[in-house]
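Q: Chains as they are written, first to last, in numbering that gives the first Met the number 0: chain L, 0 to 253; chain R, 0 to 232; chain B, 0 to 215. Glycine included, every Cβ here is placed at the ideal spot set by N, Cα and C. From a predicted model like this one, the values you see are computed outputs, not experimental measurements.
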Amino acid sequence: MIRFSGVVKRFGEHVVLDELDFAVAPGEFVSLIGPSGSGKTTILRLLMTLEKVDGGTIEVGGEYLSHTRRGERVVPADEKHLRVMRRRIGMVFQQFNLFPNMNVLRNITEAPVRSLGVPPAEAEQRARELLGMVGLEDKADAHPTQLSGGQQQRVAIARALAMRPDVLLLDEVTSALDPELVADVLRVLRDIATSTDITVLCVTHEMQFAQDVSDRVMMFDHGRVLEDAAPEKLFSEPEHERTKEFLRAVIERR
Amino acid sequence: MSNVPHIVSSILDGLVATAEAALGGIALTVVLSLIAGLALLSPRWPVRAIARVYVEIFRGTSEVVQLFWLFFVLPVLVGFQLVPLFAGILVLGLNHGAYGAEIVRGAVRSVPKEQYEGAVALNLSPVQRMVRVILPQAFVEMLPPFNNLFIQLLKSTALLSFISAGEIAERGELLVPVFGADIGWIYGTELVLYLLLAILITTGMRALERAAARRLGRRPSARADRVLAGGTG
Amino acid sequence: MNWDWQAAADSIPLLLKGLLVTVELTVLGSLVGYVLGLVLALLRRSGIPVLSQAVWLFIEFVRSTPLLIQVFVLYYLVPPTTGFKMSAFVTGVVALGVHYSTYAAEVYRAGIEAVPKGQWEAAVALNLPRSRVWTAVVLPQAIPRVLPALGNYTISMFKETPLLLAIGVLDVLNRAKEVGAETFRVVEPYTLAGVLFLLVSLPASLLVRRLERRRA
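Quick look at the structure:
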C-alpha cells in the first residue's frame, strides 16, 4: 500500500531521513516508535504532502505520490496530482486542529461535501454515523471549544474517516491529552484497527497500545529504521542495543 | 519638458520649510509624549486627569480642524497672530504628542514588573527608578511605533499648505496653475521627496533602535504585531 | 471671553449638513478601503514574485506619502490624462479608500499570519479546495481578529476627511469656513466643528476599545 524508496529529507543542513526504504501492506496497522527527532513525524508529513521529498520516491497504492510519470521520466508531482493522491490519505494531528469557526457536524461534513462532492444530506448522515462510532452522537451541534481534548481528538478522527481514506496517519494523537482522556481515544483507534481494513501508520509513545493493536512495529532512530518486527518479537526480544535502551527508558516511566 | 528643472527646483525650495516643520514637530512631539505619557502613569489622579483630557481632545479631533483653530481662531481670542510655520509646528507637536503619550505609556507598562521590584529593592528613588531602569528598557519598545508616528507627522506637514507655510505641498500648488501640462512632474517630484524623507526617518529610527538595543545587551526584538492593536497607522 | 451663543446656534444646521457629508465619506471610504485592502493582502500572498513585489511597492509608496497629495493627483492629474472625471466627493472616497487600503492590507496580513499553521495543515489533509481553505477556514478566523484595528482606522479616516476641503468637498470644516466667511465670526463655527468631531470620535473609540477587550 505504501512504499518509501530511498527517501531523503533535509531541513536546512540537518538530514532527517537518509535513504529510507520501507513498505507497508494494505490493511496493516503499523506503529512507529522512537526518540523525538528520529524522523517519524516527518514520514507522516511527507505522506500527507505537507512536505516534499528531497530525494527518493514515495508510492501509495501502487502509484507515485511524490512524483508523476511523464512518458519515460519521473518528475516531481504538481499540485493537481497531489490533490488526486491526497484523497486516499487522511491524517489526525497531535493538536487536533479542528476548525473553531464551525460546529462539530460541519467540521466533519465540510471536506466530503467540498472536496469529494458528496451530497450534503448524505455527508451529514455519514457524519452522524461516525460520531456514533466514536461515542459522541449527542455532540453534533457543539462547538470545538466546548469539548474536552479527548472529545476534540475523537471528532478529529471522525473527520478524517469521513473522507474514506485508504491510509490513515496518526501523529502522536494522544500526546497532548490529559491521561484520563487518553483511554477513550485509544479505544476508538482499537476499533478502527479491528473493524476496518484501513492501512494505519501510527506514531505513538503509548507502548502498551502499540503492542496490543499493531500488526507491526518499526523502531526509528536518526532517520533510519532500526528494527521492524511484529510487536510480540520487538517488545520482548529486541535485537538492537538502542531499541533495548529506548524501551527500557519508556516502559520504566510507567 | 524644459519646465522640469524649474519645477523641481521650485518644489525643492519648499523642502526647507517641510524639514523645519517636521523636525520642530518631532521635537515637540517627543517632549509632550514624555511629559504626558509619564503623567498618565502618575499615582496622583489630578495629574492623570489633565493628561487624559489633553490626549483625548487632541486624539479625538481632526488635525486639520486643530490647525484652522490655532491659526484662525486663537488670534481672535488672544490678540496675536502666530507665524504659519510656528503654528504648524505647534499643531503637529500637540496632535502627535497626544498619540505619542499613549506609546510612552504602553512601552513603560510593558517593562516587566520584576524590574520595578528590583529597583525598589536596590532602594532607588522613584526618579532614579524611572530614569535609570525603566525608561532605558521602555525606550527600545517605543522606537518602532514612534517611527510610524513620525512618518505620520511628516505626511501631516502637507496640511500646512492650508496656512501658507512655504512647504512642499504649497510650492506644488503654486506651480499648478502655471505649468498645467506638467502636473505629473509636479506631483511626482513632491511624492518622491516625501518618500525619500520617510526613508530617511525610518533609517534613522532603525539605527537608533539597534544602538539602544545594543546598550541593553540584546538584539532588537522583531517588531511585534502592534498593527493588530490598531496603532497609529 | 469672546463667545456668542446665538452665532453658535445659528451655525449648527450648516455644520450638521457638513457632518453628514463627513460621515458619508468615512463610511464609503472605509468600505472601499477594507475590500481593496483584502484584495491587496491576498495578492501579496499570491506566490507570484512580480505581483507580490509590485503590490508591496504600491503599499509602501501610498502609505508613506501624504493623503493630501494623493487627493490632488486623483483630482487634477487623473481626469486630464484618462478623460475620466470624478466629482470632488467621489474623488474623496476613492482617495481615502486607496490610502487606507494600504493600512488595511497590513492589518489583514497580520491577522492571516496569526491563524495557527495547524489549521492550514488540517485543511490540506482534508484535501479542501484552495478557495474553500480561504473562505471556510482561514478568513473566518482572521477577519474577526482584526476588526478592532480596522475600527480604529475608520475613526482615523473620519478625522482626516476635512483635508478634502482643498478640493471643495462640503464637509464640516468647509461649512465652518463658509459660516466664518459669511458672519465674520470664526470662533463659534470652528470650535463647534472641533466639538462635533469629539462627540463622534470619542464614543466610537470607546466602542472599539470595548470590542478589543471582548476579543482579548
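So which residues on chain B does residue 100 of chain L lean against when the C-beta distance must stay under 7 Å?
A: Neighbours of residue 100 of chain L on chain B, chain order: 139, 140.
Q: Sorted by chain position, which residues of the same chain lie with C-beta nearer than 6 Å to residue 54 of chain L's C-beta, five sequence neighbours on each side aside?
A: Result list for residue 54 of chain L: 7, in chain order.
Q: Since residue 152 of chain R and residue 24 of chain R should fall inside the 8 Å C-beta cutoff, what is the C-beta to C-beta distance between them, to a whole number of angstroms?
A: Their Cβ separation, rounded to whole angstroms, is 5 Å, which keeps residue 152 of chain R and residue 24 of chain R in contact under 8 Å.
Q: Keeping to the same chain, check which residues put their C-beta closer than 7 Å to that of residue 28 of chain B; ignore five residues upstream and five downstream.
A: So the list reads 92, 95, 96, 99, 156, once near-sequence residues are dropped.
Q: Going along chain R, which residues have a C-beta under 7 Å from residue 72 of chain B?
A: The answer, in chain order, is 186.
Q: Would residue 59 of chain R pass as an interface residue toward chain B - the criterion being a Cβ-Cβ separation below 7 Å?
A: Closer than 7 Å: yes.
Q: How is residue 54 of chain L classed by DSSP in three states: helix, strand or coil?
A: Residue 54 of chain L falls in the strand class under three-state DSSP.
Q: I'd like the list of long-range same chain contacts for residue 229 of chain R, defined as Cβ closer than 6 Å, with 5 residues on each side in sequence excluded.
A: Only weak support is given to the placement of residue 229 of chain R: the predicted model assigns it a pLDDT of 44, under 50, and the value that follows is read from those uncertain coordinates. Around residue 229 of chain R: no qualifying Cβ.
Q: Report the start-end ranges of each alpha helix (DSSP H) in the segment 168-215 of chain R that is 4 residues or longer and not cut off at the edges.
A: Qualifying alpha helix (DSSP H) stretches, in chain order: 182-214.
Q: Roughly how many angstroms lie between the CA atoms of residue 164 of chain L and residue 148 of chain B, to the nearest whole one?
A: Their Cα atoms are separated by approximately 42 Å.
Q: Reducing DSSP to helix, strand and coil, say where residue 129 of chain R ends up.
A: The answer is helix: DSSP assigns residue 129 of chain R an H, G or I state.
Q: What are the boundary residues of the alpha helix (DSSP H) that residue 88 of chain B is part of?
A: Segment 87-112, the alpha helix (DSSP H) holding residue 88 of chain B.
Q: Which residues share a DSSP beta bridge with residue 121 of chain L?
A: According to DSSP, residue 121 of chain L bridges with nothing at all.
Q: Among the residues of its own chain, which have a CB less than 6 Å from the CB of residue 113 of chain L, if the five just before and after it don't count?
A: No residues qualify anywhere along the chain.
Q: List the residues of chain R that residue 16 of chain B touches, going by C-beta distances under 9 Å, in chain order.
A: None at all; the shortest Cβ gap to chain R is about 16 Å.
Q: What's the call for residue 80 of chain B, buried or exposed, on a 16-neighbour Cβ count within 10 Å?
A: With fewer than 16 Cβ atoms within 10 Å of its Cβ, residue 80 of chain B is classed as exposed.
Q: Across which residues does DSSP place residue 8 of chain L in a beta bridge pair?
A: Per DSSP, L:16.
Q: Taking 7 Å as the CB-CB cut-off, is residue 31 of chain L touching chain B?
A: For residue 31 of chain L, the answer is no, since every Cβ of chain B falls outside 7 Å of its Cβ.
Q: Taking 7 Å as the CB-CB limit, is residue 84 of chain L close to chain B?
A: Not an interface residue.
Q: Assuming contact is defined by CB atoms lying nearer than 7 Å, are residue 31 of chain R and residue 105 of chain R in contact in what I supplied?
A: Cβ atoms of residue 31 of chain R and residue 105 of chain R: not closer than 7 Å.
Q: Which chain B residues sit within Cβ distance under 7 Å of residue 182 of chain R?
A: Chain B residues near residue 182 of chain R: 75, 76.
Q: To which residues does DSSP link residue 63 of chain L through a beta bridge?
A: In DSSP, residue 63 of chain L forms a bridge with L:58.
Q: Assuming residue 84 of chain R and residue 16 of chain R are in contact, meaning their beta carbons sit under 8 Å apart, how far apart are those beta carbons, in whole angstroms?
A: Yes, they are in contact, since the Cβ atoms of residue 84 of chain R and residue 16 of chain R sit about 6 Å apart, within 8 Å.
Q: Do residue 182 of chain R and residue 75 of chain B come within 7 Å of each other at the CB atom, strictly closer than that value?
A: Cβ atoms of residue 75 of chain B and residue 182 of chain R: closer than 7 Å.
Q: Which of the residues in the segment 120-135 of chain B, read from start to end, lie with their CB under 7 Å from any CB of chain L?
A: Against chain L - using a Cβ distance shorter than 7 Å - the residues of the segment 120-135 of chain B are 120, 121, 123, 124, 125, 126, 127, 128, 131, 135.
Q: Comparing alpha-carbon positions, which option in B:213, B:82, B:53 lies nearest residue 146 of chain B?
A: Ranking the options by Cα distance to residue 146 of chain B, first place goes to B:213.
Q: Between the beta-carbon of residue 20 of chain R and the beta-carbon of residue 156 of chain R, is there less than 7 Å?
A: In this structure, residue 156 of chain R lies closer than 7 Å to residue 20 of chain R by Cβ.
Q: Who are the Cβ neighbours of residue 143 of chain L in its own chain at under 6 Å, not counting the five residues just before and after it?
A: Result list for residue 143 of chain L: 97, 99, 151, in chain order.
Q: What is the DSSP secondary structure of residue 50 of chain R, counted as helix, strand or coil?
A: Residue state, collapsed to three classes: helix.
Q: Alpha carbon to alpha carbon, how far is residue 59 of chain B from residue 31 of chain B? Give it in angstroms, no decimals.
A: Whole-angstrom Cα-Cα distance: 18 Å.
Q: Do residue 141 of chain B and residue 114 of chain B have their C-beta atoms within less than 7 Å of each other?
A: Yes, Cβ-Cβ distance for residue 141 of chain B and residue 114 of chain B is below 7 Å.
Q: Beta carbon of residue 37 of chain R, beta carbon of residue 158 of chain R: below 7 Å?
A: Contact: no.
Q: Tell me the rounded alpha-carbon separation between residue 106 of chain B and residue 137 of chain B.
A: Near 15 Å, if we compare the C-alpha coordinates of residue 137 of chain B and residue 106 of chain B.
Q: Could you check whether the Cβ of residue 188 of chain B sits closer than 7 Å to any Cβ belonging to chain R?
A: Chain R contact via Cβ: absent.
Q: Measuring CA to CA, which of B:11, B:67, B:57, B:102 is closest to residue 36 of chain B?
A: Closest by alpha carbon: B:102.
Q: Measure the alpha-carbon distance for residue 82 of chain L versus residue 126 of chain B and round it to whole angstroms.
A: Whole-angstrom Cα-Cα distance: 7 Å.
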